[in-house]
Amino acid sequence: MWPSAVLLTVLAALLASAAESGIPAPTPRIWAHCCVRKYDAMYPNCENLGDGFYDINVQDAMTNCLDTPGCNGFSFSAHAQNGYGWYKQSCYPDDSNNGYDYSGSHGYYECIKFPLRSKFGFCLETEGDGRAATKVHMSSCDSSKLEQKWQYDGTMISSAKFPGMCLDAAERNSDGGLVHLWNCDPSIRNQHWRITDSGGDHVEIKATHGKCLDVSHNTRNTEGGLVHMWSCGGQTNDNQKWVQEYETDAAEKRAQLVAFYQKYKPEQVEQVDAIMEAYTVQAIKQTCMARYNADPFQKRPIIAW
C-alpha cells in the first residue's frame, strides 16, 4: 500500500519548505536489485545492474513507472518509460503471491528485518558463526539481537545476522525434520517458504514442498527450545503459530522532523506529533518500496539535507 494522501501531502510540504529555505532538493535513492539473477535464465536479455542505490526523479516517481531497456517481459507488461524496471513487494505474507504490485519490469526491494516469535513468547534465533548447517533454536526475544532478525522476499527467509544464509528445511517432508541455515540458493527447494495467515495475529510458515515450521511440543516453553518440521495443522496447531513483529524507525524519524522544524519552522514544531501519527499508521501498512525517502523500511532520512 502506498503512503496515505495525508502523509504524501505533509512530505511534499516539507520538501517545498526545504527548497524555500535554500536547502538542496533531495533526490530519493532506492536500494534495489534490478533483473534479479535467478530470473536471468528466463530473460537472458535483462541487464543485471547489481545491488546498489539508484537515483529516481520525484516527479517521475509520482506519475510514471521506471523501466530498463532490454528488461521488458517477465510475466506482465512493462511500461515504456526511461530509467529502470521495478516491482514492489508487499511486506505482508500472501498465500498466492497476489500481494505483488507490478509496475515496470524487474527488480525487488529488500524487505524489513523482523523477528519470528512463537505463540509461546520465544523467538527464532540462529546459533554459532553462520556457516552452512548452523542450527536454529527458540530463545527469549531480544530486539537488539540480529540473530533473531529475518527477511522474507516472498520465497526465501534469510538471516539478517548472516547475510547470504537462508533458513533451510533439510528434511522438509519428515515430522521432526531438521531445520538449519544454509547458503541461500533459489534453486534449492528446502529454502522455499510460504508465509500465510493462521488466524488472529498469527501466521503459518510452510515449506512450499513439505511440512510446516514447528516448535517442539516438549520444549516450546523452554529457552533453547527445538525447532523442526511437522505436518501442517492450520489454525489448530499452536506449535506452528508465529508472529512477524515488523519494526519501524518511527522514533528516529520523529527526531529528524523535530530537528527540521526547530531549525526552519520553529513556530510549527507542534505539527510533528500529528505527522508521526500518520507516519506510524503507514509504517506497518506500506510496501518495501521507497518513496519520498519516507519508507520506514529504509534507514534514510525523510529530508535529504
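Numbering-wise, the sequence shown is residues 1 to 305 according to UniProt numbering. Using N, Cα and C, we set each Cβ at its ideal position, and we do this for glycine too.
Quick one, which of T196, L213, G233 and S143 has its alpha-carbon nearest G154's?
T196
When we look at the beta-carbon of W305 and count the other beta-carbons within 10 Å, is it buried (16 or more) or exposed?
Here W305 scores only 18 on pLDDT, less than 50, and its place in the model is too uncertain to base an answer on.
Nearest to C141 (by Cα), restricted to the options G177, E270, E223 and E171:
E223
Nearest residue (CA-CA) to K135, options F120, P186 and D168:
D168
Whole-angstrom distance between L116 and T63, CA atom to CA atom
Because the pLDDT of T63 is 33, which lies under 50, any placement of that residue in the model is unreliable, and the question is left without a value.
Given a cut-off of 9 angstroms, decide if A132 and M165 are closer than it, judged by their beta-carbon atoms.
yes
With 16 other Cβ atoms within 10 Å as the buried cut-off, status of Q240:
buried
If I follow the unbroken beta strand (DSSP E) through E171, where does it start and stop?
From DSSP, E171 is part of no beta strand (DSSP E); its letter is neither H nor E.
Pairwise C-alpha distance: G210 and S231:
8 angstroms
Counting along the chain, where does the beta strand (DSSP E) carrying H180 start and finish?
H180 to N183
Looking at the secondary structure, which residues open and close the beta strand (DSSP E) in which D214 lies?
C212 to V215
Which residue from K263, L257 and Y264 puts its Cα closest to that of V272?
L257
Of the listed residues G128, G130 and C123, nearest to S143 (C-alpha basis):
C123
Taking its Cβ as the centre, do 16 or more other Cβ atoms sit within 10 Å of S198, making it buried, or is it exposed?
buried
Own chain residues within Cβ distance below 6 angstroms of R189, not counting five before or after:
H209
Residues bridged to H137 by DSSP?
E125
Taking the alpha-carbon positions, what's the H217 to H137 distance?
13 angstroms
Start and end of the beta strand (DSSP E) containing H228?
V227 to W230
Got a sec? Which residues, its chain only, sit under 8 angstroms from Q262 by beta carbon, not counting five neighbours each side?
V269
If you drop the 5 nearest sequence neighbours on each side, which residues of the same chain put their C-beta closer than 8 angstroms to that of V227?
L124, V136, H137, M138, V179, L213, D214, V215 and S216
Going by DSSP in three states, A132 sits in which element: helix, strand or coil?
coil
Cβ-based neighbour list, G225, same chain, cut-off 7 angstroms, excluding 5 preceding and 5 following:
F122, H137, M138, V215, S216 and T219
Is the separation between the beta-carbon of E147 and that of K161 shorter than 9 angstroms?
yes
Close beta carbons around D201, own chain, < 8 angstroms, minus the five adjacent residues each side:
V243
Is T126 buried or exposed, if buried means 16 or more other CB atoms sit within 10 Å of its CB?
buried
Beta-carbon separation of Y152 and W182 under 9 angstroms?
no
DSSP state of A160 mapped onto helix, strand, coil:
coil
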